[in-house]
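These protein sequence lines are chains A and B, in that order.
Going by the working numbering, the first residue of the first sequence is number 1, and it counts up by one from there.
Going by the working numbering, the first residue of the second sequence is number 1, and it counts up by one from there.
By construction, the Cβ of each residue, glycine as well, lies at the ideal position given by its N, Cα and C atoms.
All values reported here derive from a predicted model rather than from experimental measurement.
Structure, as C-alpha cells:
2 protein chains.
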Amino acid sequence: MSNTIEIFGIRDLPEIQSGDDLGVLICEAASQQGTTLVDSDVIVITQKIVSKAEGRIIDLSNITPSPLAVQIASEHERDPRHTEVVLQESKRIVRMKRGVIIAETKHGFICANAGVDASNASGEGTVCLLPLHPDTSADRIKTFIRNTLGIQVAIVISDTFGRPWREGAINVAIGVAGINPLADYRGEQDSHGLELRTTAIAIADELASAGELVMGKLDRVPVAVIRGYAYPDGKDGINSLIRPTEKDLFQ
Amino acid sequence: MSNTIEIFGIRDLPEIQSGDDLGVLICEAASQQGTTLVDSDVIVITQKIVSKAEGRIIDLSNITPSPLAVQIASEHERDPRHTEVVLQESKRIVRMKRGVIIAETKHGFICANAGVDASNASGEGTVCLLPLHPDTSADRIKTFIRNTLGIQVAIVISDTFGRPWREGAINVAIGVAGINPLADYRGEQDSHGLELRTTAIAIADELASAGELVMGKLDRVPVAVIRGYAYPDGKDGINSLIRPTEKDLFQ
C-alpha cells in the first residue's frame with residue numbers, strides 16, 4: 001500500500017507586520033489549531049507573508065518613476081511608480097506586452113512584473129516585493145523550528161507564477177531549506193533493474209502546487225503542511241531550479 | 001480548521017495492454033488494496049497507461065522516416081524513425097535544439113518531442129504517443145466509475161512536461177473530466193468584502209503535480225487519488241488550459 005500524504009493549512013496567523021518572526025507565528029498558529037508539527041513535514045509558506053515579515057513593502061509615494069517607467073505606464077494606463085519598482089526589481093526584461101513586464105528577477109526567476117505584487121492587502125498605494133534571499137528566509141524558519149521543537153522540517157516558500165502556453169497560474173517554489181528541490185533519478189535503476197524515470201522532477205514546485213490546494217481562493221491560509229512525503233534532503237538551494245539559458249531547450 | 005487533503009497511490013495495476021478497460025482495472029486495484037473510492041475523489045492517471053490501453057504504441061519498424069526526420073536525427077545521433085513519429089504527432093514546431101523538438105501537439109500542448117515517449121516499458125523499438133482525445137479518455141473512466149460505484153469523481157490525466165526557464169519537469173494535466181481545470185476568481189469578493197486572488201489558478205495542473213508526489217520514481221504507481229479537495233465541477237475540457245498565442249504575455 002502506498003503511503004498517504006496529508007496536506008492541511010495553518011490558518012489564523014495574525015496580519016503579518018515588518019519584523020515579525022514567522023517561525024514563532026507559524027508554531028503558535030499550528031498549536032492554536034491543535035496541530036503538532038512533526039519530523040519531515042514540508043511547510044509551504046506563501047511569499048507574501050515572508051515579504052511582509054521582512055519589510056519588503058514599498059510605499060509608492062516614495063517612488064519617482066524614471067522616464068522609461070513613465071513611457072511604459074502611460075501607454076497602458078498603469079501607475080508609473082509601480083512600473084518603476086518593477087524595473088528596479090528586474091535584472092533583465094524578457095518580454096513587454098500590454099504594460100505587463102515579464103522580467104528576470106535578481107534571483108533569476110522569470111515572472112510577471114518581477115514578482116512585484118500590487119494586489120496585496122498591505123494597504124492602498126503600496127506594493128509587495130519578493131524576499132531578497134528566499135533560501136535564507138526559508139532557512140531561518142527551518143532553524144527556528146528545529147531549535148524550538150527539535151524536529152527537522154523542509155521549508156518551501158511559494159509564489160504564484162504564470163507561464164507560457166498554458167492558461168492559469170500555478171504555485172512554484174522560490175526558496176527552499178532542508179530539501180533538494182530537484183529529484184534527479186536519471187540513469188538510476190531500482191533493485192529489480194527496472195528503469196527509472198528519465199526526467200528530473202522539480203519536486204519543490206510540485207510541493208508548492210500541492211500546498212496551494214489548501215490555500216484556496218483567499219490568502220487567508222498562507223501556510224500549508226505536507227506530511228508523509230519522503231523528500232530528498234539536501235543543501236541545494238533554489239538555484240538548482242533555475243535553468244541556464246544556454247541549456248534551455250524551451251527558450 | 002482547514003480541511004485535510006489526502007493523496008494516496010493505487011498500485012498493483014497489471015501491465016496495461018491495448019484494449020484494457022482502465023476504469024475496471026483501477027476499481028479492481030483500489031479494491032484489492034482495501035481502498036474504496038468515494039464521491040468527489042480526484043483520480044490522477046498517468047498518460048502512459050491511458051495511451052497503452054488505447055493502443056497508442058508505435059512499433060518503429062513500421063515507420064519510414066521522411067528526409068527531414070533523417071536530417072534532424074543524423075545530426076544528433078537519434079533514431080530517425082522516432083523523429084519521424086514526433087513530426088507526425090506535431091501540429092507546429094516551436095523550437096528545435098540538439099535533436100530535441102519542442103512541438104505543439106495536435107491537442108495544442110507545447111512539450112518536448114510532441115509527447116512521444118521512447119523510454120516506456122512497452123518494449124524495445126516502440127514509442128508511446130499521447131492519447132488522441134484525453135478528455136474523452138478521462139470521461140470514459142469517470143462514466144464507468146459512476147455507473148459501477150454510483151459516485152461522481154473527477155479524472156485528471158497527467159503527463160510530465162518540461163518548461164522554459166526552470167530545471168526539472170513537473171506533472172501537468174492533459175485531459176480532464178468532471179472538473180473545471182481552471183479556477184477563476186478574478187473580480188470576485190468573499191462575504192466579508194475581502195479581495196480574492198487576482199489570478200486564475202490552473203488547479204488541474206496543481207492536482208497533477210500533487211498526484212506525482214505519490215507516483216514516485218518508478219512508474220509503478222500510475223494512479224493517485226486526491227481526497228478532500230473541493231474542486232469546481234464543470235464541463236470545461238482541457239482546452240481551457242491552452243492559452244491562445246495572441247493572449248500569451250509570456251511568449
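In the three-state scheme derived from DSSP, where H, G and I count as helix and E and B as strand, A/PHE109 is classed as coil. The beta carbon of A/ASN171 sits closer than 8 Å to some beta carbon of chain B. Annotation for B/LYS91: the continuous beta strand (DSSP E) segment containing it runs 90-97. Put simply, the CB of B/GLU6 is near chain A, with a gap under 8 Å to one of its CB atoms. For A/SER209, the enclosing alpha helix (DSSP H) covers residues 203-215. Interface annotation, A/THR143: not in contact with chain B, CB-CB separation never under 8 Å. Neighbours of B/ASP205 in chain A, taken as residues at a C-beta separation under 8 Å, are given in chain order as ARG166, GLY168, ILE170 and SER209. Annotation: A/ALA202 to A/GLY34 spans about 32 Å, alpha carbon to alpha carbon. A/ILE145 carries a helical assignment under DSSP once its states are collapsed to helix, strand and coil. The contact set of B/ILE110 on chain A, defined by CB atoms closer than 7 Å, consists of TRP165 in chain order. Any Cβ of chain A closer than 8 Å to the Cβ of B/SER51 would place that residue at the interface, and such an atom is absent.
Listed along chain B are ARG166, GLU167, GLY168, ALA169 and ILE170, each with a C-beta nearer than 8 Å to that of A/ALA202. Within the region 133-184 of chain A, the runs of alpha helix (DSSP H) at least 4 residues long that lie entirely inside it are, in chain order, 134-149.
In this structure, the CA atom of B/ALA210 is about 15 Å from the CA atom of A/ALA169.
Between the alpha carbons of B/VAL42 and B/SER137 lies a distance of about 15 Å. A distance below 6 Å between beta-carbons, with the five flanking residues on each side excluded, links B/GLY162 to the following residues of its chain, in chain order: ALA112 and ALA169. Residue contact with chain A for B/VAL214: present (Cβ-Cβ distance below 8 Å to some residue of chain A). Secondary structure of B/GLY9 (DSSP, three-state): strand. The Cβ-Cβ distance between A/GLU167 and B/ILE16 does not fall below 8 Å. Residues of the same chain with a CB within less than 8 Å of the CB of B/VAL153, apart from the 5 flanking positions on each side, are LEU37, ASP39, SER40, ASP41, VAL42, ILE43, LYS142, ILE145, ARG146 and GLY178 in chain order. Within the region 59-77 of chain A, no residue places its CB atom closer than 9 Å to a CB of chain B.
Residue pairing by DSSP puts A/ALA103 in a beta bridge opposite A/ILE93 and A/CYS111.
Residue contact with chain A for B/VAL44: absent (no Cβ-Cβ distance below 8 Å to any residue of chain A). Exclusion of the five residues before and after A/ASP117 leaves CYS128 as the residues of its chain whose Cβ lies within less than 6 Å of its Cβ. Contact check between the region 101-110 of chain A and the region 235-249 of chain A: three or more CB pairs, one atom from each, fall below 8 Å, which counts as touching. Inter-segment contact for the region 45-65 of chain B and the region 80-90 of chain B is present: three or more beta-carbon pairs are separated by less than 8 Å. The Cβ atoms of B/GLY228 and B/ILE5 lie closer than 8 Å to each other. Beta-bridge partners assigned by DSSP to B/CYS27: none are found.
Taking 8 Å as the CB threshold, A/SER158 stays off the interface with chain B. At the C-beta level, A/ILE174 and A/GLN47 come within 8 Å of one another. A distance of 8 Å or more separates the beta carbons of A/ILE72 and A/SER158. Straight-line measurement puts the Cα of A/PRO164 at about 7 Å from the Cα of B/ASP248.
When Cβ-Cβ separations below 8 Å define contact, B/VAL86 makes no contact with chain A.
When the alpha-carbon of A/TYR231 is set against those of A/LEU207, A/ALA224 and A/GLU212, the nearest one is in A/LEU207.
In this model, B/THR245 and B/SER18 are separated by some 35 Å (Cα to Cα). Taking CB atoms only, A/ASP248 has a neighbour in chain B less than 8 Å away.
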